[in-house]
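Only one structure is covered here, and it is reproduced in the block below.
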Amino acid sequence: MSEQARRRPHKPYRRPQKDPVRMLAFEALRAVDERDAYANLVLPPLLRKAREKGDFDGRDAALATELVYGTLRRQGTYDAIISACIDRPLREVDPPVLDVLALGAHQLLGTRIPTHAAVSASVELARVVLGDGRAKFVNAVLRKISAQDLDAWVAQVAPPYDKDPEDHLAVVHSHPRWVVSALWDSLGGGRAGIEDLLEADNERPEVTLVARPGRSTTDELADATESLPGRWSPYAVRMAEGGEPGAIEAVKDGRAGVQDEGSQLVAIALANAPLDGPDTRWLDGCAGPGGKAALLAALAAQRGAALLASEKQPHRARLVERALAGNPGPYQVIAADGTRPPWRPGSFDRVLMDVPCSGLGALRRRPEARWRRRPEDLDGFAPLQRALLTEALSAVRVGGIVGYATCSPHLAETRVVVDDVLKKVGGAELIDARPLLPGVPAIGEGPDVQLWPHLHGTDAMYLALLRRTA
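First residue of the sequence shown? That's -8 in the working numbering, and the numbers climb one at a time after it.
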């Protein structure tokens, strides 16, 4: 060692500083990755705990939420950019390191956080959760990423549209290629439509409330919070950004709830479908977690009808009970398998089957689902969807109405299921659902209905209405 080196004072070790906002965001991302958790379920209790400890104010909570959801929504794009900045395959990078890098990339490319602050905060987070050695790796990668803005990076890492349109859209709009292909098929072609849809999937959805009829009103909800009227549902109120639904009295006591407007329209359309004969027994055959069931129960109560809400999973059946508590009319909640129902054939006048599905219509709310789902998952849902629709047609009396709904626009989960069951079962016909969504534009050629985030501001809900004829 040289004399100069011996005389140079050693830099004292500095303990890494914990940033509560970025620590919470990292913890949420790890839960999503390690436990297959959903951010919309993981994040609220983490934020509540941070507030109780005094670590967070409203701005901190908003930043943490943006970091988590923004990172998950743009994960595909950020992965492509990170890959261009490292000398090994992405799969060889430890997942916690990737989470820190993606959080850093989002701060650099997807927020207005200054470059030096985004890099230093991410490196400090890496020192806390990964150690000094890997923090140096994070620092080097993020400095490379900071050399260009998002548009420049996308132009570099996305293949040209004219050579591979699906892969181009997948990278630019951060969706798996197979999802891009499926959504494009469902839309029926055209570049503008698919780009608008994919971009809508990456936007933060509005919080929409439902005033359950006979129990609350839209005026009451509007008076309780800064809001806008719903676009399509007469029971909907759209909350201003940053509002807290749980602070509203009508939501606290169950007279109102949080419910996407597309979900509201499905329940309203079923309830308003023309019907000959008695109209006293309604069934929600896949009722969990209870949003549609609560709206149906309120509508049924106004007509003197009773709702049976059935849910296979007992813990979800308890959520339905909570959602329906206090409903003024008669109702019952049971835990039962809709493919092996305890009720007799022909017992109901109206039946809703909102079947389990891939959830590709709700990627705005559950962005991590796009990375979890695989094309083969649809093969797993297919038999269940057909069995549930078949039993729904058995459960309804002749002349009664069945609503088949999914929160997916994938053709294999929508029209293909309905067509297959109609061919197999017989004794049923499709009725035109479009007149039951008055004022809602661009809902398809009928007789079924498809809603879209980019056209309607709703989840991509699908609805087919069927009448039992024999």
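Idealized CB from N, CA, C, for every residue including glycine.
I think residue i touches residue j, with their Cβ atoms under 8 Å apart; what is that distance to the nearest whole Å?
| i | j | result |
| --- | --- | --- |
| phenylalanine 339 | glycine 391 | 6 Å |
| aspartate 345 | alanine 396 | 4 Å |
| valine 416 | threonine 381 | 6 Å |
| leucine 274 | leucine 384 | With 8 Å as the limit, leucine 274 and leucine 384 do not qualify as a contact, their Cβ atoms being about 12 Å apart. |
| glutamine 66 | serine 165 | 6 Å |
| methionine 230 | threonine 209 | With 8 Å as the limit, methionine 230 and threonine 209 do not qualify as a contact, their Cβ atoms being about 12 Å apart. |
| alanine 493 | aspartate 10 | The shown model of the chain, from -8 to 461, leaves out residue 493, and the question about it has no answer. |
| valine 23 | alanine 30 | 6 Å |
| serine 246 | arginine 309 | Here residue 246 is arginine; the residue named in the question, serine, does not match the sequence. With 8 Å as the limit, arginine 246 and arginine 309 do not qualify as a contact, their Cβ atoms being about 20 Å apart. |
| threonine 330 | alanine 378 | 4 Å |
| alanine 296 | aspartate 270 | 6 Å |
| alanine 117 | arginine 125 | 6 Å |
| valine 242 | proline 236 | 5 Å |
| valine 408 | glutamine 376 | 5 Å |
| leucine 446 | histidine 401 | Rounded, the Cβ-Cβ distance is 17 Å, inconsistent with contact. |
| valine 163 | alanine 149 | 5 Å |
| aspartate 51 | valine 114 | Incorrect: roughly 20 Å between the Cβ atoms, too far for contact. |
For the alpha helix (DSSP H) that contains residue i, what are its first and last residues?
| i | result |
| --- | --- |
| isoleucine 73 | 66 to 75 |
| threonine 209 | 209 to 215 |
| glycine 234 | Taken as a continuous stretch (DSSP letters only), glycine 234 belongs to no alpha helix (DSSP H), as it is neither H nor E. |
| alanine 146 | 141 to 148 |
| glycine 221 | Taken as a continuous stretch (DSSP letters only), glycine 221 belongs to no alpha helix (DSSP H), as it is neither H nor E. |
| valine 84 | Counting along the chain, valine 84 falls outside any alpha helix (DSSP H), and DSSP gives it neither H nor E. |
| valine 412 | 406 to 416 |
| alanine 109 | 106 to 120 |
| valine 12 | 11 to 25 |
| aspartate 444 | What sits at residue 444 in the sequence shown is proline, not aspartate. Residues 444 to 447. |
What do you reckon, are the CB atoms on residue i and residue j nearer than 7 Å?
| i | j | result |
| --- | --- | --- |
| alanine 314 | alanine 285 | yes |
| leucine 301 | alanine 278 | Looking at the sequence itself, residue 301 is serine, so the reference to leucine does not match. It is a contact, given that the beta carbons lie within the stated cut-off. |
| proline 366 | tryptophan 169 | yes |
| leucine 63 | glycine 95 | no |
| serine 137 | threonine 106 | yes |
| proline 305 | alanine 291 | no |
| alanine 260 | leucine 413 | no |
| valine 171 | alanine 183 | no |
| arginine 357 | proline 167 | no |
| glycine 337 | arginine 388 | yes |
| valine 33 | alanine 19 | yes |
| proline 444 | arginine 364 | no |
| leucine 287 | alanine 258 | yes |
| isoleucine 73 | leucine 92 | yes |
| glycine 248 | valine 201 | yes |
| serine 399 | aspartate 368 | no |
| valine 324 | alanine 386 | no |
| glutamate 194 | tryptophan 223 | no |
| leucine 99 | alanine 109 | yes |
| cysteine 76 | lysine 135 | yes |
| glycine 437 | aspartate 423 | yes |
| leucine 81 | aspartate 90 | no |
| proline 280 | arginine 307 | yes |
Per DSSP, which residues does residue i bridge with? Please list them.
| i | result |
| --- | --- |
| valine 387 | Phe339 |
| threonine 397 | Tyr453 |
| glutamine 255 | Bridge partners of glutamine 255: none, in fact. |
| alanine 41 | Paired residue(s): none; alanine 41 is not in a bridge. |
| arginine 459 | Ala419 |
| isoleucine 392 | Arg341 and Arg458 |
| alanine 441 | This sequence places glutamine at residue 441; alanine is not what is there. Partner(s): Tyr453. |
| glutamine 227 | One point to set straight first is that residue 227 is alanine, not glutamine, in the sequence displayed. Note: alanine 227 sits in a beta bridge opposite Val201. |
Could you check where the beta strand (DSSP E) with residue i kicks off and where it finishes?
| i | result |
| --- | --- |
| isoleucine 422 | 419 to 422 |
| alanine 131 | Here alanine 131 belongs to no beta strand (DSSP E); instead the alpha helix (DSSP H) covers 123 to 136. |
| glycine 248 | 247 to 249 |
Continuous alpha helix (DSSP H) assignments of at least 4 residues falling wholly in the stretch 269 to 323: Within the stretch 269 to 323, the complete alpha helix (DSSP H) runs of at least 4 residues are 282 to 293 and 305 to 315.
Runs of beta strand (DSSP E) wholly within the stretch 312 to 379 (minimum 3 residues, chain order): Segments of the beta strand (DSSP E) lying fully in the stretch 312 to 379: 322 to 326 and 339 to 345.
Contiguous beta strand (DSSP E) assignments of at least 3 residues, all confined to the stretch 153 to 207: Taken in chain order, the whole beta strand (DSSP E) runs of length 3 or more contained in the stretch 153 to 207 are 199 to 202.
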